[in-house]
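**Q** Sequence positions in the sequence shown follow the numbering used here and run 120 to 480.
C-beta atoms are modelled at their ideal positions from N, C-alpha and C, and glycine is treated no differently.
These numbers come from a predicted model, not from an experiment.
This is the structure I have questions about; it appears just below.
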Amino acid sequence: MIRNLLTISAVTVGLLLAGLPAIAHHSISAEFDPDKPIEFAGTVKVIEWTNPHIYTQVEVKQPDGSEKEFEGFMGAKTEQNGYSNNFQSFAHDVNGDGWVDEIVFGFPGQAAFWRENPRGASGDWVQHPLAPTATSESPARAPWGLVFGTGPSRMSWFEPGSFTEHLIDNLHPVPVHGLGIGDLDGDGRLDVITRTGYWSAPVDPRSSPWPFTPLDLGPDCAQIYVLDVNGDGLPDVVASSAHQFGLWWYEQKPGHVFVQHQIDASFSQSHALQVADLNGDGRPDLVTGKRVWAHGLTGDVDPGGTPFLVWYENKGAGEWTKHVIDNSSGVGTQFAIGPLRAGGKPAIVVSNKNGVYLFEQ
Ligand SMILES: [Ca+2]
Ligand SMILES: [Ca+2]
Ligand SMILES: [Ca+2]
């Protein structure tokens, strides 16, 4: 049962790493207390090397000398599998005190909140409300703020620092699945995109409502990215399937028409997608994988399929070469890509019900 405890801790840390820019210098995205290394004392019982992973099992005695057994929590890949109250986390210095805090999105439709870094003091982190309702499973980060649905037909963004809510629109449906930031109309300003339409960013993003254009970007997806895939000057879209099979790029044609092109449909539930130039050739590549047990042991299609982590090398003109990174990890709902040290090649950190994994080139 100790393994379950280690998995819980690792999953928490891994989620905090995901999806944010380089705030600190010794991790992919965040270092919560640079002056306070965490010591974990115990007796190492098991070390298993299975390239590229290592699994360790540590027995920890309690202050009274007893050995405590920890039950697996609901979000873990155990017989108790269920939802954890943490769909996405972001590391961010919310109150600007120089210490990185945690922003947490729970079950879609529930409140989003942030936890205040105690600046080295002991005790639980104080939890503060951020939004009473957060409906997006893939909150998006723009230079001007954090973007997510705040109702079934309400899209908002929150200003860093004050976290003041700015309404984008409360007139159009906001899908739970599929959200991204990118300049889809090519006017130089980053727009907000869902699979059913996009809001064109106005000159002042604080003005409301933003102009909305309906789109058909296929079935439920996860993170959405804007990329001129075929190099014709029109921004295209890439997206992955939240709970079915599919990874697609959508070719933009004149008149807001988007034509779907299948990139891969060999594994299901690619519920997290990132765009990054993994091989340094100047062309942005795609990284995704199979989410494990998104809806439990029997939910969705092929829930027990091989948990691949995959990247697709961008060959230009809409051609992609598939590379399997790993077949025993997969993705969750977000993950992180970035160099572990200055000048290093991009590494990948994933976290899900299988645990937490770091992949280095
Ligand atoms: Ca734009
Ligand atoms: Ca294009
Ligand atoms: Ca590349």
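Looking only at its own chain, which residues have a Cβ that is under 7 Å from the Cβ of G305, when we skip the five neighbours before and after it?
**A** These residues qualify, in order along the chain: P354.
**Q** Which of the three DSSP states, helix, strand or coil, is assigned to T332?
**A** In this structure, T332 counts as strand in the three-state DSSP scheme.
**Q** For Q229, is the beta carbon positioned less than 7 Å from some heavy atom of ligand 2?
**A** Result no, Cβ not under 7 Å from ligand 2.
**Q** Let me check one thing: in DSSP terms, what residues is K441 bridge-paired to?
**A** DSSP, once it has assigned bridges, lists Y431 as partnering K441.
**Q** Using the beta-carbon count (16 or more within 10 Å), is K434 buried or exposed?
**A** Burial call: exposed.
**Q** Entirely within the segment 307-364 and at least 3 residues each: give me those beta strand (DSSP E) ranges in chain order.
**A** Counting whole runs of 3 or more residues, the segment 307-364 contains the beta strand (DSSP E) stretches 310-313, 316-318, 331-333, 342-346 and 355-359.
**Q** When burial is assigned at 16 or more other CB atoms within 10 Å of the CB, is E221 buried or exposed?
**A** When all chains shown are included, E221 counts as buried.
**Q** Kindly provide the chain-ordered list of residues whose Cβ lies closer than 5 Å to any non-hydrogen atom of ligand 2.
**A** Qualifying residues, in the order they occur: D347, N349, D351, L353 and D355.
**Q** I'd like to know if V450 contacts chain C, where contact means its C-beta is closer than 8 Å to some C-beta of that chain.
**A** Of the chains in the structure shown, none is chain C; there is only one protein chain.
**Q** I need the straight-line Cα distance from I147 to Q480, nearest angstrom please.
**A** For I147, the pLDDT reaches just 46, beneath the cut-off of 50, and the residue's location in the model is therefore unreliable, although a value from the coordinates is still provided. For I147 and Q480, the distance between alpha carbons rounds to 14 Å.
**Q** State buried or exposed for R410, treating a residue as buried only when at least 16 other CB atoms are found within 10 Å of its CB.
**A** By the 10 Å Cβ count, R410 comes out buried.
**Q** Would A210 and V219 qualify as a contact pair, given that the criterion is a beta-carbon distance under 8 Å?
**A** Yes, Cβ-Cβ distance for A210 and V219 is below 8 Å.
**Q** Taking 7 Å as the cut-off, is the C-beta of S326 nearer than that to any heavy atom in ligand 1?
**A** No, the beta carbon of S326 sits no closer than 7 Å to any heavy atom of ligand 1.
**Q** How do the segment 446-462 and the segment 417-426 stand: do at least 3 beta-carbon pairs fall below 8 Å, yes or no?
**A** Touching, yes.
**Q** Between which residues of its own chain and P262 is the CB-CB distance below 8 Å, once the five residues before and five after are set aside?
**A** Hits under 8 Å: L309.
**Q** Alpha carbon to alpha carbon, how far is R122 from T417?
**A** Any reading at R122 must be qualified, since the residue scores a pLDDT of 31, below 50, and its modelled position is unreliable; the value itself is stated next. Answer to the nearest angstrom: the Cα atoms are 24 Å apart.
**Q** In the structure shown, what three-state DSSP assignment does H144 receive?
**A** Model confidence at H144 stands at a pLDDT of 29, short of 50, so the residue's coordinates are unreliable; what they give is reported in the following sentence. Three-state result, H144: coil.
**Q** Assuming W276 contacts L265 under a Cβ cut-off of 8 Å, what Cβ separation, rounded to an integer in Å, is found between them?
**A** Indeed they touch by this definition, with Cβ atoms about 7 Å apart.
**Q** In the structure shown, what three-state DSSP assignment does Q229 receive?
**A** Three-state result, Q229: coil.
**Q** Using the beta-carbon count (16 or more within 10 Å), is V322 buried or exposed?
**A** Exposed, by the Cβ-count rule.
**Q** DSSP state of F206, grouped into three classes?
**A** Here F206 sits in coil by DSSP.
**Q** Any residue with its Cβ nearer than 7 Å to a heavy atom of ligand 4 should be included. What is that list in chain order?
**A** This structure lacks ligand 4; the ligands present are ligand 1, ligand 2 and ligand 3.
**Q** If we count the other Cβ atoms within 10 Å of its Cβ and call it buried at 16 or more, is Q246 buried or exposed?
**A** Exposed is the call here.
**Q** For the beta strand (DSSP E) that H285 lies in, which residues bound it at each end?
**A** Residues E284 to D288.
**Q** What do you reckon, is the C-beta of P403 under 7 Å from a heavy atom of ligand 3?
**A** Yes, ligand 3 has a heavy atom inside 7 Å of this Cβ.
**Q** What separation, rounded to the nearest whole angstrom, lies between the Cα atoms of R287 and S255?
**A** Before going further, note that residue 287 is Ile rather than Arg in the sequence given. The straight-line gap from Cα to Cα measures roughly 14 Å.
**Q** Are there 16 or more other CB atoms within 10 angstroms of the CB of I173, so buried, or fewer, so exposed?
**A** At I173, the pLDDT of 46 sits below 50, so the modelled position is not reliable; the number obtained from the coordinates is stated separately. Under this definition I173 is an exposed residue.
**Q** Counting along the chain, where does the beta strand (DSSP E) carrying A259 start and finish?
**A** Here the beta strand (DSSP E) through A259 covers A259 to A261.
**Q** Spell out the partners DSSP gives N471 in its beta bridges.
**A** Answer is G474.
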